[in-house]
Amino acid sequence: MRRIGSALAVSLVVATLFGCTSPSGNSVLPVPAVRTYTAVGASDAVGVGAVQCPTAGVPPMPSPPSCPGGNGYVPVLAGMLTGPRAQVNLFDLGISGAVIGPDIQADTALCFGAPGNFITNELPVVNAQSNVVTIFAGGNDTNAIVACAVGIAMGGGNPQPFIAAEIAKFGADYNTLVQGIKAASPPGVTIVVSNLPNFSLIPVGTTQPAGVRALLAEVSIALDTQVINPMAGTSVAAVVDLRCDPRSYVAANFSADGFHPNAAGYQIFAQSYYNQLLLAQLGIAPKPQNACPPFSAAAAHPASLSHADAANAHLWRY
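If you read the sequence shown in the numbering used here, its first letter stands for residue 584, the second for the next number, and so on.
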């Protein structure tokens, strides 16, 4: 399929066809007048790095779930979906530091310590009226897997079997999550997910030791290639291609920690989700690219991880 050159042009066409407002004014999606939007995610959904949602509970989730005043991508996207003919009920389920499933949470408890996971803590509270759902999974999983892999290597072991097993578990968990959302939601729910940037190339990734950078690239690329990207147009309506978007690596789009987006970065993320939602409604959402060097290229593995590599690694929870 030929890639759409201008999301704005497509938006204007849809606005003409459906009599709705353009992206500069708000929603153009031909969907129900009341949209129930549920966001499944980690600190990205909470908006860490920008004005984040107030949180409460254990594990802490946005409270209230409409995230008033937040400018992470979830409330920004909810605003884009709102218009004169469209009301949005937002249910933001983000948990800072969460991984996708209980198996990865348990496997990485000692080396990462995720406070929760999407399947146990978020899936059961997906709103039963949801007709739009976004998922961003894999950021904490990447860091957790890499943190444990570094520990295995430092202990003299081979981390590759562990990495392969965790990637397989991530794939099974992602399928469980998507199918669970479909079962909990009305027929025809639109699910849009995002792949991961190459974590070795984001600002904080570029500061990691060579051995850690290689593992960050290996795991994030594998989660994209083996799990997330193949879902586009099959089990989910569309995939946002963060990995191949050069803006995913621009330092000006990140907060001071070099890992979480800032308000500008979240605005880009929200617009990318919005564009894919719009195009998915038309049945023409582009699939993520298979290759986009240098972003899709894995870093070369050093012969071994040194103790200095481990000591200087700085892996964030997303």
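Ideal Cβ positions, reconstructed from N, Cα and C, are used throughout, including at glycine.
What is the DSSP secondary structure of residue i, counted as helix, strand or coil?
i	result
residue 825	coil
residue 622	strand
residue 701	helix
residue 672	strand
residue 842	coil
residue 718	strand
residue 638	strand
residue 837	strand
residue 709	coil
residue 633	strand
residue 684	coil
residue 652	coil
residue 609	Confidence at residue 609 is low in this model, with a pLDDT of 47, below 50, so its placement is unreliable and no value can be given for it.
residue 645	strand
Express the C-alpha separation of residue j and residue i in angstroms, rounding to a whole number.
i	j	result
residue 750	residue 668	42 Å
residue 660	residue 742	39 Å
residue 619	residue 740	48 Å
residue 581	residue 824	Since the first residue of the chain shown is 584 and the last is 901, residue 581 is not available in this structure.
residue 769	residue 852	26 Å
residue 676	residue 736	35 Å
residue 738	residue 896	16 Å
residue 771	residue 714	7 Å
residue 816	residue 786	31 Å
residue 627	residue 656	7 Å
Just mark residue i as buried or exposed, buried being the case when its beta carbon has 16 or more other beta carbons within 10 Å.
i	result
residue 791	buried
residue 664	buried
residue 747	exposed
residue 789	exposed
residue 646	exposed
residue 859	buried
residue 711	exposed
residue 678	buried
residue 693	exposed
residue 606	Any answer about residue 606 is weak, because its pLDDT of 42 lies below 50 and its placement is not dependable; what the coordinates show is given next. Buried is the call here.
residue 697	buried
residue 876	exposed
residue 637	exposed
Find the nearest neighbour of residue i within the set the options, judged by alpha-carbon distance.
i	options	result
residue 653	896, 850, 817	850
residue 830	865, 757, 845	845
residue 752	821, 684, 869, 625	684
residue 630	773, 728, 870, 848	848
residue 732	723, 721, 744	744
residue 818	777, 758, 870	758
residue 708	673, 857, 729, 727	673
residue 680	649, 643, 655, 686	643
residue 720	689, 730, 671, 777	777
residue 782	866, 826, 794	826
residue 666	617, 702, 775	617
residue 717	856, 784, 833	856
residue 537	873, 842, 880, 864	Since the first residue shown for the chain is 584 and the last is 901, residue 537 is missing from the structure and cannot be characterised.
*Which ranges would you report for the beta strand (DSSP E) in the region 768 to 832 if only whole runs of at least 3 residues count?*
Listed in chain order, the complete beta strand (DSSP E) runs (minimum 3 residues) inside the region 768 to 832 are 773 to 777, 821 to 823.
*Write down every uninterrupted run of the alpha helix (DSSP H) in the region 843 to 869 whose length is 4 residues or greater and which is fully enclosed by it, in chain order.*
Taking 4 residues as the minimum length, the alpha helix (DSSP H) runs contained wholly in the region 843 to 869 are 846 to 865, in order along the chain.
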